[in-house]
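The structure appears below as structure tokens.
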Amino acid sequence: MIHVFATPVLALRGVSKRFGAVQALTDVDLEIHAGEVVALVGDNGAGKSTLVKTISGVHPIDEGAIEWEGNEVRIQRPNDAQDLGVATVYQDLALCDNLDVVANLFLGSELKSLSVLDEIAMEKRAKELLDTLSIRIPSVRIPVAALSGGQRQVVAIARALIGDPKIVILDEPTAALGVEQTAQVLDLVERLRERGHGVILISHNMADVRAVADKVAVLRLGRNNGVFNVADTSHEEIIAAITGATDNAVTRRQARTATKEDAK
Amino acid sequence: MSDLTKTPAPDAEQSAAPIPAVDPRLLVREEGLKGYWTEFTRKVRGGELGSLPVFIGLIVIAIVFQSQNSNFLSASSVANIAVYTSGLGIMAVGIVFVLILGEIDLSVGSVAGVGAAVWAVLNVSNGMNDWLAVAIAVLSGLALGLLHGFFFAKIGVPAFVVTLAGFLGWSGLQIWLMGQEGSINAPTGSVVEHLTGYYFEDKAAAYGLALVAVLAYAASLLLDSKRRKAAALPARPVSEIVLRAGFVAVLCFVVAYVLNEPAGARGLPLALVLFLAVLVVADFVARRTTFGRQVFAVGGNAEAARRAGINVDRVRILVFGLSGLLAAFGGLFVASLSGGATKSLGGGNTLMLVIAAAVIGGTSLFGGRGKVWSALLGMIVIQSIQQGLNMLGMASEIQYMITGAVLLAAVVIDSVSRRTQKTAGRA
Numbered sequence: 001m002i003h004v005f006a007t008p009v010l011a012l013r014g015v016s017k018r019f020g021a022v023q024a025l026t027d028v029d030l031e032i033h034a035g036e037v038v039a040l041v042g043d044n045g046a047g048k049s050t051l052v053k054t055i056s057g058v059h060p061i062d063e064g065a066i067e068w069e070g071n072e073v074r075i076q077r078p079n080d081a082q083d084l085g086v087a088t089v090y091q092d093l094a095l096c097d098n099l100d101v102v103a104n105l106f107l108g109s110e111l112k113s114l115s116v117l118d119e120i121a122m123e124k125r126a127k128e129l130l131d132t133l134s135i136r137i138p139s140v141r142i143p144v145a146a147l148s149g150g151q152r153q154v155v156a157i158a159r160a161l162i163g164d165p166k167i168v169i170l171d172e173p174t175a176a177l178g179v180e181q182t183a184q185v186l187d188l189v190e191r192l193r194e195r196g197h198g199v200i201l202i203s204h205n206m207a208d209v210r211a212v213a214d215k216v217a218v219l220r221l222g223r224n225n226g227v228f229n230v231a232d233t234s235h236e237e238i239i240a241a242i243t244g245a246t247d248n249a250v251t252r253r254q255a256r257t258a259t260k261e262d263a264k
Numbered sequence: 001m002s003d004l005t006k007t008p009a010p011d012a013e014q015s016a017a018p019i020p021a022v023d024p025r026l027l028v029r030e031e032g033l034k035g036y037w038t039e040f041t042r043k044v045r046g047g048e049l050g051s052l053p054v055f056i057g058l059i060v061i062a063i064v065f066q067s068q069n070s071n072f073l074s075a076s077s078v079a080n081i082a083v084y085t086s087g088l089g090i091m092a093v094g095i096v097f098v099l100i101l102g103e104i105d106l107s108v109g110s111v112a113g114v115g116a117a118v119w120a121v122l123n124v125s126n127g128m129n130d131w132l133a134v135a136i137a138v139l140s141g142l143a144l145g146l147l148h149g150f151f152f153a154k155i156g157v158p159a160f161v162v163t164l165a166g167f168l169g170w171s172g173l174q175i176w177l178m179g180q181e182g183s184i185n186a187p188t189g190s191v192v193e194h195l196t197g198y199y200f201e202d203k204a205a206a207y208g209l210a211l212v213a214v215l216a217y218a219a220s221l222l223l224d225s226k227r228r229k230a231a232a233l234p235a236r237p238v239s240e241i242v243l244r245a246g247f248v249a250v251l252c253f254v255v256a257y258v259l260n261e262p263a264g265a266r267g268l269p270l271a272l273v274l275f276l277a278v279l280v281v282a283d284f285v286a287r288r289t290t291f292g293r294q295v296f297a298v299g300g301n302a303e304a305a306r307r308a309g310i311n312v313d314r315v316r317i318l319v320f321g322l323s324g325l326l327a328a329f330g331g332l333f334v335a336s337l338s339g340g341a342t343k344s345l346g347g348g349n350t351l352m353l354v355i356a357a358a359v360i361g362g363t364s365l366f367g368g369r370g371k372v373w374s375a376l377l378g379m380i381v382i383q384s385i386q387q388g389l390n391m392l393g394m395a396s397e398i399q400y401m402i403t404g405a406v407l408l409a410a411v412v413i414d415s416v417s418r419r420t421q422k423t424a425g426r427a
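Chains as they are written, first to last, in UniProt numbering: chain P, 1 to 264; chain X, 1 to 427.
The structure is reproduced here in structure tokens:
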């Protein structure tokens, strides 16, 4: 995918974050444009979650700058990020099991008429939103507890879209899903891109990353370790960047196969 | 948001492909009465019992006691149940909110006692204006509740412990306030005496209230159905509205008739009117306002509520404040019934009856599920049993045991239905 937008919607410039004696992030840069899916990959402890939390306002940054549409902004609290237009879908879904789908979608931003909840308007908007995203659930009036894992995941993502955010952060959206549900969520990610949202996708699953992402940003030990265009990067290059070595299990295996072929 | 749903997506062709309106896996209700029955049996098997056990219980109670003593369903007996239901029922409304939040308030009895003591000292001993004394008594309940909420939400002390401390501490405050006297009688003609002593003797009052209730209920159902049809959403069929309104109408007018017509009838008790007013307002707050939605959300998943931008601490403090306020208001009813404030008002089994009423009525002890009306249903069950046992001349120790058994049965139903709901994927 070709990008002609000059200024990214969100840009991190030299962001650092410390937790006590641990330097979690050092001088990290990241850019997300509208209509772009950026996969954020890295080993466990590479700083993916911390980076996402600095964007969503859970952990304010120590050094560096965050730019929103070219202007420097400060994100100190979750509300700051929400006000800018950053929506985060956390790994542990954060839905209320006892409330129905409509109530969950609008939780915290209920529609009201004369300060009374307008259930009908909310149900109508919920149906429209779910239809445009081609999300299929049995009914919008059943408690979330009755939905399957994949359905809950798409409801959680749809919930993030209620405030019409510019950036959607998905933390491991396919981690606990089956084949069919994973495909549904990936479809949904593509639909978000088509609608012009910028998407940050955290995933350990290289197949998912290669399926939907435009760019892959690799973090290693809290530092940038390369940003790749998915189209012209091989699987092995990304693995090498994640593990931080050209000598890793994948390349060793490749070398062995190559030598065997030479011998023949 | 508006342009999100209105502008056609780039993949308009794709999304224009027919999307089935209803998921084939959803068990849709068939039309007609047979459909109601299948839906009903499916819900019961799935553990969604709702108010069913209470209604069955009430019918059993009525049949058993009426067969033992033909005065059980007489006007004076029903009026008695209504009046005794009101005071503790108002306290139970506050407990319903606390239970929906997933917490417990053990201090309601003591707060009720403090409320009554504050009123008695101000009004009777110091001659303060009736209304002002009542207002200060109720507000002092609010203040105590907010204090519990503060310690629970901000300091992080478990609600169980905070309100247990309140239970002891406020009993002490109540005894200290009452001072030497031990009991202060409500003066004849005072506001508090009227709370449970006043009856609308005009028959038009009871029938009028029943009529207003039925019309308001039917109108709200019809209006809702009309608006849903206009928005192209599934709406209740007219037959269901007629059925529901008819059921409510029969219920209201039978009660109004019993209160008005038989020999010895005194008309509509003011206490019942006030209790119903509290119920209607509280039910509206719980189901139709942002605050009510937030209470359910915090009770269901506090972390999700926090991430949705809800001020969880504020919700918790306000709910405990509401519980304290309603406890003090209910305490004035109890004082009115017993002729005045005493050192022991709100002690004994008051707390247990109030919590039992909420649970018997169908509000879950596990948080997130419940209805305000369960305060009314549960308290009617408890007071009917007490009234019936009193009429049979049963000793109070037997009454305690039977009420305890009913409470245990209610909690067993709650636990079992919750487990069934889990296996049916509904909790």
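All residues carry an ideal CB built from backbone N, CA and C; glycine is no exception. Since we're looking at a predicted model, the values are computed, not measured.
- If you draw a straight line from the Cα of Trp373 of chain X to the Cα of Asp208 of chain P, it comes to about 50 Å.
- Contact between Gly267 of chain X and Leu99 of chain X does not hold, since the beta-carbon distance rounds to 34 Å and is not under 8 Å.
- The C-beta of Ala217 of chain P comes no closer than 8 Å to any C-beta of chain X.
- For Asn301 of chain X, the closest Cβ of chain P is nearer than 8 Å.
- Within the segment 224-248 of chain X, those residues whose Cβ lies closer than 7 Å to any Cβ of chain P are, in chain order, Arg227, Arg228, Ala231 and Leu233.
- Secondary structure remark: continuous beta strand (DSSP E) runs of at least 3 residues inside the segment 208-242 of chain P, in chain order: 215-220 and 223-229.
- The Cβ atoms of Ala231 of chain X and Lys124 of chain P lie closer than 8 Å to each other.
- With respect to chain X, the C-beta atom of Ile120 of chain P has a partner C-beta closer than 8 Å.
- Looking only at P:Ala39, P:Arg159, P:Gln76 and P:Lys17, the smallest Cα-Cα distance to Ile202 of chain P is reached by P:Ala39.
- Here Arg236 of chain X is actually not in contact with Ile120 of chain P; their C-beta atoms are around 13 Å apart, not less than 8 Å.
- One thing to note: Val108 of chain X has its Cβ no nearer than 8 Å to the Cβ of Val319 of chain X.
- Taken through DSSP and simplified to helix, strand or coil, Val73 of chain P comes out as strand.
- Non-local beta-carbon contacts of Val114 of chain X in its own chain, meaning distances under 6 Å to residues more than five positions away in sequence, involve Trp170, Leu173 and Gln174 in chain order.
- The beta carbon of Asp83 of chain P does not come within 8 Å of any beta carbon belonging to chain X, so the residue lies off that interface.
- By the beta-carbon neighbour count (other beta carbons within 10 angstroms, threshold 16), Arg220 of chain P is buried.
- In the three-state DSSP reduction, Ala24 of chain P falls in the strand class (E or B).
- In the pairwise beta carbon analysis, the segment 38-47 of chain X is classified as not touching the segment 386-398 of chain X: fewer than three pairs are separated by under 8 Å.
- With its beta carbon at least 8 Å from every one in chain X, Asp80 of chain P lies outside the interface.
- Residue range Gly198 to Ile202 is occupied by the beta strand (DSSP E) that includes Ile202 of chain P, with no alpha helix (DSSP H) assigned at that position.
- Look at Ala216 of chain X here: in three-state DSSP terms it is helix.
- From the beta-carbon of Arg419 of chain X, no residue of chain P is found nearer than 9 Å; the closest lies around 13 Å away.
- In this structure the segment 201-221 of chain X lies against the segment 241-251 of chain X, because at least three pairs of beta carbons, one per stretch, are closer than 8 Å.
- DSSP places Gly57 of chain P in the coil class of the three-state scheme, outside both helix and strand.
- Under the 8 Å criterion on CB atoms, Ile310 of chain X is classed as interfacial with respect to chain P.
- With its beta carbon less than 8 Å from one in chain X, Leu117 of chain P belongs to the interface.
- Just so you know, the alpha carbons of Ser183 of chain X and Asn311 of chain X end up roughly 42 Å apart.
- With 16 or more neighbouring CB atoms inside 10 Å of its own CB, Val315 of chain X falls in the buried class.
- In its chain, beyond the 5 residues on either side, Gln174, Leu177, Met178 and Ala341 have a beta carbon closer than 7 Å to the beta carbon of Ala117 of chain X.
- When rounded, the separation of the alpha-carbon atoms in Ser139 of chain P and Val101 of chain P is 8 Å.
- By the rule that beta-carbons nearer than 8 Å mark a contact, Phe296 of chain X touches chain P.
- When Cβ pairs closer than 8 Å are counted between the two stretches, the segment 405-412 of chain X is seen to touch the segment 347-366 of chain X, the count reaching three or more.
- Rounded to the nearest angstrom, the gap between the Cα atoms of Arg74 of chain P and Val15 of chain P is 12 Å.
- In the displayed model, Phe200 of chain X falls within a strand according to three-state DSSP.
- For a Cβ distance threshold of 7 Å, residue set Thr290 and Arg293 of chain X lies close to Glu110 of chain P, ordered along the chain.
- Around the beta carbon of Val416 of chain X, a 10 Å sphere encloses fewer than 16 other beta carbons of the protein chains shown; the residue is thus reported as exposed.
- Any Cβ of chain P closer than 8 Å to the Cβ of Arg307 of chain X would place that residue at the interface, and such an atom is present.
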